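K.L.:
Got a structure for you, written out below as structure tokens; questions coming shortly.
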Amino acid sequence: MRYRVIVGSAPGQTDPRGAGLCAEIATLGIEGASEAQTFDLYFLEGDIDDDAVEYLARELLADPVVQRYRWERLNGAPREEPLEAGTWAVEVCLLPGVTDAVAESLLAGARLLGVGGLTWAATGQRYLLRGRLSEAEVHRIARSLLCNEVIQQYRLGPILPARTAVRRDDVWVERIPLRAASPEELARLSRERLLSLDGAEMAAIQRYFAAAGRDPTDVELETLAQTWSEHCVHKTFKAVVDYEEYEGDRLVRQERIDGLLRSFIRAATERIAAPWVRSAFVDNAGIIDLDENLEVSFKVETHNHPSALEPFGGANTGVGGVVRDIIGVSARPIANTDVLCFGPTDLPFAALPAGVLHPRRVYSGVVAGIEDYGNKMGIPTVNGAILFHPGYTANPLVYCGCLGIAPKGRHRKQARPGDRVVVIGGRTGRDGLHGATFSSAELTHETGAVAGGAVQIGNPITEKLVLEAVLEARDRGLYTAITDCGAGGLSSAVGEMGREVGATVQLEQVPLKYQGLRPWEIWLSEAQERMVLAVPPEHVEELLEVCRRWDVEATVIGTFRSDRRLVVRYGSEVVADLDMEFLHEGLPRRELRAVWRRDVPADPGRLPPTDPGELLLRLLADPDIASKESVIRRYDHEVQGATVVKPLVGRRNDGPGDATVLLPLAALWPEGAARAPSDGGQPALALGCGLAPRFGMRDPYAMAWAAIDEAIRNVVAVGADPDRIALLDNFCWGSPQRPEQMGALVQAARACYDAALAYGTPFISGKDSLNNEYGDGAGGRIAIPPTLLISSLGLLPDVRLAVTMDVKECGNALYIVGLTRHELGESYLQRYLKLEGGRVPQPSPEGPALARALHAAMRRGLVRACHDLSEGGLAVAAAEMALAGEAGLHLDLRQVPRGDDADEDLVLLFAESNARYLVEVRPGDEPAFVEVMAGLPCARIGQVERIPHLVVTGLSGREVLNLPVRSLRRAWKGEAKA
Amino acid sequence: MTRVLILHAPGTNRDREAALACALAGGGPEVVHLNQLLSGERNLLDYGFLVLPGGFSYGDDLGAGTLWALALRERLGEALHRFVEDGRPVLGICNGFQALVKAGLLPGLDGGREAGEAAGRQATLTRNRSARFECRWVYLRPEPGSVCLFTRGLPGPLYVPVAHGEGNFVPRELPLIEELRARGQIALTYVDAEGRPAGYPDNPNGSAGNVAGICNPAGNVLGLMPHPEDHILPHQHPRWTRGESGGLGLPIFASGVQAGR
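Top to bottom, those sequences are chains A and B.
Just so you know, we're using the numbering used here here: the first sequence kicks off at 32 and counts up by one.
Just so you know, we're using the numbering used here here: the second sequence kicks off at 2 and counts up by one.
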């Protein structure tokens, strides 16, 4: 019997979701909606009767205090109910095969209540919309707000979810006639099967099978495509690059670069050779020492393409994926970071490219997806940034990072012959096929329709259980290697783990969500929340027992070999038999052409007369700069109790902290209990980030340097030791096949090397996401601004050294540290004054010495507050310090150390030169502070005042800005004037 | 030493902080998985103090705490009722509070087991008025007339974070708030920095009567939405760099450890 249960608010109770929906409908420009009501739908099927459904609805599905329910028996389609005039019903449910965690919990709840006959459940939502709405408007509301047709379906009326279709293919394992194929046929094959392999790569595969005297199976071809995908093997960063640099028409530099990764990124790490780096670029995450007993791991990934198609699911599984990277180095996740780049939220709907979701929808879906996964796993989301630019409209960027902690010496990473291949966690379905190859493809107006299978919804609770089971297994020493099942699924995980030894896998042993998967689909599925472990035979029983206790499914699916062959079988049938050496080393190295034309900035001339105060208020309200409190508060940033400098700081807990400081204690329970003296004194971690895509179009070298400089400044500002900072690089770029995009990439990578060496900050991990371009089907292309995210992980030798950016006491002095230059190119000032040209901020050679001196001052307790100068320059930084500390500031621009040509008030206030900080010092500490900073650009430029105004004296000696801190706060927080 | 059972259900995630808090408060905490109680590997009645910590048990998929409450009611009901009736202390934080309410142990006015069933439920914790999950620090006033053993004798307000999406305390009938107050069952209320009753965001979820925590009539079962376990050390205070301190949540755990002896 099949039933449908409808649960809604009881009369007199509020419906917060409905109220929120009404407001969102108004933002679509649809004015007619006067009321929206929301309901939850449950579909139940099995050997159940009316009494059982009544019991489940009452005890499980509806809250008796605030909700009411009704149910109906379904005979065929649900009946349409008559609605009053002016009312529309919209119902939404998931497409077959999409993860429905609530339905799984419903089945578990029914078992607890003794209703064993329930065999299938599904969920959905029902919306009643009232007002003057046309049918076309209701469809638009449904498509824009209620339903994403990549994973859901809707009807204007009762809906009936389909059960997962069991597809029966005639074909089981295909042999692909590769040996006889012409180059054109190879190209077509790559395109049609979504392999994303180029001609040379297809030819290499052809040669391998010609030598083997047979054609490949689909399993083998898919395995190669996945292993050789840009996502998994970083072909572009390993390619040989022929680089040419021009100034005007003159060739000024020409060289052959032996791989960007080897020549620049890893080269920096190797040359710095920091003794506290334990693992860089080899494992699932970079690992550094925290102290003699503990190590810290950090990884940042991107999940851009999935988030463009299905923002909630894309961001959700992005978080889940990077958390698995940390589990994959046997560590407990202690913090998440998220950096997001979107199109402008006020983009007119008419300007939206075909097939692209509106930035506002992407924004809200992505934030909800991050919130869901991080909060439910109990990992605090503590650091991030949100930027807006029209270039991100079709290609939003979603960077997800995770930090982990582990006792040293427990992570193991070498599977031995004879160890069992064990898969644990979620079941395998047809979800996420071709994710690894899809992530390397360009988005088009119809990607959503054809690549839907690459997008999924996560189940954070499953991953939480997997985490606990893995850590218990780690502490019992039950595995010899571990990795996550991410892009490329089992193929990637087993292929990597068995790289040196080989493996045999029996696909029929893999637990499936539903039947009907072909062997290649089981092998390549990117179903979420799975890990693969190498377990010595004598530990298998104990491992299975640990997993059972944590309610985690665990299955032996194969054995590691000793002959470096990868053998995949289904029952007795061999469906793949590949040589590990060819799989991992047979990929032909790419050769790419790169061209860079040096930026010759136009002289913007003198600045037009502008009121600095008015400009400051506009900048504070700019979406990039304005408060992100509404997002930050949706992330649990307190769970685990380690967040000792919070993302929001200051007198009212709402100022923009430069970086977060973590003192992990509870995460180490029970071993960490001894680490909890109440007076502090232990080392702590600082997490920051930097990115400056606005400079990327003009000068990618300056862009990358600025990102690194900002990431370092952020953690130095809260007290991190500049000699204990590790960096992560995440490049998001356009197509590397275009020489100018590649030229920009060379520039940025070279800056990474130069800046890392200058600061002595090694890279420990990095990723790249290329082909962030959108093709509209009519030949038009939009690429994102070249965007490099630098994440920084710093160490404070003692948590008590931590400094926050809010000014503390009236009468204290304010010092600016660093040199202000005439660098207004692509600044926020120029954006608001609609000016072009000018020099973008260049590397400041004094930056490393400044950071070290400032840290020395912090170690002596001479710094009461410190804020880094970035977007909007000195004016914005001073305003933020004042509003966070709720005190006045008086600044005198005549004292600011400046470059020769920085001779205007607006330049000193708004230039975005690198390597600058604003520092609050107690009067009694000034002599000592000045002594520590001696010989460096640093000057007293003002003091903290009791009268709560920001007052600035200009170069002429006259007052050029005077604003109440209250006004600054209102502008920055987006609050209406009282 | 008081043996403290920190009950871990699938999806629980603030168990380690609770354990650390109990240890700092002088107790002997042990994180025990629900499956270990169900299998008989551990016995609830061997412990002196039970903590139901925060998290998203079973994903909160059918309403916060609903499935955990069901598991407690259907599988552990007997032992749990004996534990409570012995007067041993029980502390439910956030998701643990939601589960205690939905299992009928709070406010527990009629004391009967039927209270766990939907028809007998007197109050609930539902979606925040803001319709959003929110993480922010709040001040909690210990209600002077409360019978709660955890909050009796607290010197002043607590200052601790909330982090939840479903913390809005809604009674079935409004007079329930007055009844709870009269019986001393309202243990903690949301106040502003000056200690006065206040609206959003000082009351972060819209709870009736600014209720942040309630206890059973006997005072040995306390449920609260905010997280005292996340403010047990001075450096967790949001403004310690400004020299501010105080409002630690540790005394809550100390009272539980004391009473659980």
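All C-beta atoms in this analysis are idealised placements derived from N, C-alpha and C, irrespective of residue type, glycine included.
No experiment lies behind these values; they were computed from the predicted model shown.
Would you mind stating whether residue 224/B and residue 107/B have Cβ atoms separated by less than 8 Å?
P.N.:
The residue labelled residue 224/B in the question sits at position 223 within the second sequence. The residue labelled residue 107/B in the question sits at position 106 within the second sequence. Yes, the pair counts as a contact, with Cβ atoms nearer than the cut-off.
K.L.:
Assign residue 150/A to one of two classes, buried (16 or more other C-beta atoms within 10 Å of its C-beta) or exposed (fewer than that).
P.N.:
Position 119 of the first sequence, counting from 1, holds the residue named residue 150/A. Exposed is the call here.
K.L.:
Taking the alpha-carbon positions, what's the residue 417/A to residue 111/A distance?
P.N.:
Along the first sequence, read from residue 1 onward, the residue named residue 417/A stands at position 386. Along the first sequence, read from residue 1 onward, the residue named residue 111/A stands at position 80. If I take the Cα positions, the gap works out to 44 Å.
K.L.:
Compare the C-beta of residue 1/B against all C-beta atoms of chain A and say whether one is closer than 8 Å.
P.N.:
Not covered by the structure: residue 1/B. The range shown for chain B is 2 to 262.
K.L.:
At the level of alpha carbons, what is the spacing between residue 137/B and residue 287/A?
P.N.:
Sequence index remark: in the second sequence, residue 137/B carries index 136 (1-based). Sequence index remark: in the first sequence, residue 287/A carries index 256 (1-based). Residue 137/B and residue 287/A have their C-alpha atoms spaced approximately 54 Å apart.
K.L.:
Work out the CA separation of residue 875/A and residue 997/A for me, nearest whole Å.
P.N.:
Counted from its first residue, the first sequence places residue 997/A at position 966. Counted from its first residue, the first sequence places residue 875/A at position 844. Rounded to the nearest angstrom, the two C-alpha atoms are 34 Å apart.
K.L.:
Identify, in the order they occur along the chain, each residue of the same chain with its Cβ nearer than 8 Å to the Cβ of residue 976/A, setting aside the five sequence neighbours on each side.
P.N.:
On the first sequence, residue 976/A is found 945 positions in, with the first residue counted as 1. Excluding positions up to five away in sequence, the list reads 841, 918, 919, 920, 921 and 982.
K.L.:
Determine, for residue 14/B, whether the minimum Cβ-Cβ distance to residues of chain A falls below 8 Å.
P.N.:
Taking the first residue of the second sequence as position 1, residue 14/B is located at position 13. True, the Cβ-Cβ gap to chain A drops below 8 Å.
K.L.:
When you compare each of 167/A, 551/A and 564/A to residue 447/A by their alpha carbons, which one comes out closest?
P.N.:
The residue you call residue 447/A lines up with position 416 of the first sequence. Ranking the options by Cα distance to residue 447/A, first place goes to 564/A.
K.L.:
Does the beta-carbon of residue 153/B, which I'm using as the reference point, lie nearer than 7 Å to any heavy atom of the ligand MN?
P.N.:
Among the ligands in the structure shown, none appear at all, so the ligand MN cannot be discussed.
K.L.:
Is it true that the CB of residue 102/A sits closer than 8 Å to the CB of residue 651/A?
P.N.:
Taking the first residue of the first sequence as position 1, residue 651/A is located at position 620. Taking the first residue of the first sequence as position 1, residue 102/A is located at position 71. No, Cβ-Cβ distance for residue 651/A and residue 102/A is not below 8 Å.
K.L.:
Report the three-state DSSP secondary structure of residue 22/B (helix, strand or coil).
P.N.:
Counting from 1 along the second sequence, the entry for residue 22/B is found at position 21. Of the three classes helix, strand and coil, the one that applies to residue 22/B here is helix, per DSSP.
K.L.:
Just the C-alpha distance for residue 489/A and residue 132/A, rounded to the nearest angstrom, thanks.
P.N.:
For this step, residue 489/A is matched to residue 458 along the first sequence. For this step, residue 132/A is matched to residue 101 along the first sequence. Going by C-alpha positions, residue 489/A is about 8 Å away from residue 132/A.
K.L.:
Using the three-state DSSP reduction, which class does residue 873/A fall into: helix, strand or coil?
P.N.:
Along the first sequence, read from residue 1 onward, the residue named residue 873/A stands at position 842. Coil, per DSSP.
K.L.:
First and last residue of the beta strand (DSSP E) that includes residue 119/A?
P.N.:
In the first sequence, the residue the question calls residue 119/A occupies position 88. First-last of the beta strand (DSSP E) with residue 119/A: 118-125.
K.L.:
Could you pull the start and end residues of the alpha helix (DSSP H) that residue 741/A belongs to?
P.N.:
Locating residue 741/A in the first sequence gives position 710, counting from the first residue. According to the DSSP assignment, residue 741/A belongs to the alpha helix (DSSP H) that extends over 731-748.
K.L.:
Report yes or no: is there a C-beta of chain A within less than 8 Å of the C-beta of residue 29/B?
P.N.:
Within the second sequence, the letter at position 28 stands for residue 29/B. So, not an interface residue.
K.L.:
Taking any Cβ of chain B, which residues in the segment 581-615 of chain A have a Cβ under 8 Å from it, in chain order?
P.N.:
581 and 582
K.L.:
Would you kindly work out how many angstroms separate the C-alpha atoms of residue 7/B and residue 232/B, rounded to a whole number?
P.N.:
Here residue 7/B is taken as the residue at index 6 of the second sequence, counted from 1. Here residue 232/B is taken as the residue at index 231 of the second sequence, counted from 1. Using only the alpha carbons, I get a separation of about 18 Å.
K.L.:
From residue 397/A to residue 894/A, what does the alpha carbon distance come to, in whole angstroms?
P.N.:
The residue labelled residue 397/A in the question sits at position 366 within the first sequence. The residue labelled residue 894/A in the question sits at position 863 within the first sequence. When rounded, the distance between both Cα atoms is 38 Å.
K.L.:
When you compare only the Cα positions, how much space is there between residue 612/A and residue 535/A?
P.N.:
Counting from 1 along the first sequence, the entry for residue 612/A is found at position 581. Counting from 1 along the first sequence, the entry for residue 535/A is found at position 504. So the two alpha carbons sit approximately 15 Å from each other.
K.L.:
Taking Cβ positions only, does residue 667/A come closer than 8 Å to chain B?
P.N.:
As a working note, residue 667/A is residue 636 in the first sequence. Yes, residue 667/A counts as interfacial toward chain B.
K.L.:
Within a Cβ cutoff of 7 Å, which residues of the same chain sit near residue 445/A, ignoring the five residues on either side of it in sequence?
P.N.:
Residue mapping note: residue 445/A aligns to position 414 of the first sequence, counting from 1. Within the same chain, residue 445/A has close Cβ partners 511 and 512.
K.L.:
In chain A, which residues lie less than 7 Å from residue 138/B when you measure between Cβ atoms?
P.N.:
Within the second sequence, numbered from 1, the residue matching residue 138/B stands at position 137. The contact set of residue 138/B on chain A, defined by CB atoms closer than 7 Å, consists of 684 in chain order.
K.L.:
From residue 636/A to residue 648/A, what distance separates their C-alpha atoms?
P.N.:
Numbered from its first residue, the first sequence carries residue 636/A at position 605. Numbered from its first residue, the first sequence carries residue 648/A at position 617. Computed Cα separation, rounded: 24 Å.
K.L.:
Which ranges would you report for the beta strand (DSSP E) in the segment 60-84 of chain A if only whole runs of at least 3 residues count?
P.N.:
64-77
K.L.:
Drop a sphere of 10 angstroms on the beta-carbon of residue 113/B, count the other beta-carbons inside from all chains shown, and report buried for 16 or more, exposed for fewer.
P.N.:
As a position in the second sequence, residue 113/B is number 112, starting the count at 1. Legend: pLDDT at residue 113/B = 49, less than 50; position of this residue unreliable, value from coordinates given subsequently. Exposed is the call here.
K.L.:
Got a sec: is the Cβ-Cβ distance from residue 1009/A to anything in chain B below 8 Å?
P.N.:
Taking the first residue of the first sequence as position 1, residue 1009/A is located at position 978. A caution first: residue 1009/A carries a pLDDT of 42, below 50, which makes its placement in the model unreliable, though a value can still be read off. Closer than 8 Å: no.
K.L.:
Once the 5 residues before and after residue 86/A are set aside, which same chain residues still bring their CB inside 8 Å of it?
P.N.:
Here the question's residue 86/A lines up with position 55 in the first sequence. Within the same chain, residue 86/A has close Cβ partners 144 and 146.
K.L.:
Using the beta-carbon of each residue, which ones in chain A are nearer than 8 Å to residue 60/B?
P.N.:
Your numbering for residue 60/B matches position 59 in the second sequence. By Cβ distance, chain A contributes 132, 133, 136, 407, 490, 491 and 492.
K.L.:
Please list the partners that residue 231/B has in chain A, where partner means a Cβ-to-Cβ separation under 7 Å.
P.N.:
Locating residue 231/B in the second sequence gives position 230, where the first residue counts as 1. Within chain A, the residues near residue 231/B are 669 and 672.
K.L.:
Around the C-beta of residue 960/A, are 16 or more other C-beta atoms found within 10 angstroms, so that it is buried, or is it exposed?
P.N.:
For this step, residue 960/A is matched to residue 929 along the first sequence. Burial call: buried.
K.L.:
Taking C-beta to C-beta, are residue 347/A and residue 427/A nearer than 8 Å?
P.N.:
As a first step, residue 347/A must be located in the first sequence, where it is residue number 316. As a first step, residue 427/A must be located in the first sequence, where it is residue number 396. Against a cut-off of 8 Å, the Cβ pair of residue 427/A and residue 347/A comes out as no contact.
K.L.:
For a contact meaning CB atoms closer than 9 Å, what does residue 20/B contact in chain A?
P.N.:
Here residue 20/B corresponds to residue number 19 of the second sequence, with the count starting at 1. Chain A residues near residue 20/B: 697, 700, 701 and 704.
K.L.:
State the Cα-Cα distance for the pair residue 176/B and residue 201/B, rounded to the nearest angstrom.
P.N.:
The count along the second sequence starts at 1 and reaches residue 176/B at position 175. The count along the second sequence starts at 1 and reaches residue 201/B at position 200. Rounded to the nearest whole angstrom, the C-alpha separation of residue 176/B and residue 201/B is 22 Å.
K.L.:
Is the segment 6-20 of chain B in contact with the segment 670-678 of chain A, if contact means three or more CB pairs nearer than 8 Å?
P.N.:
A contact exists between the segment 6-20 of chain B and the segment 670-678 of chain A.
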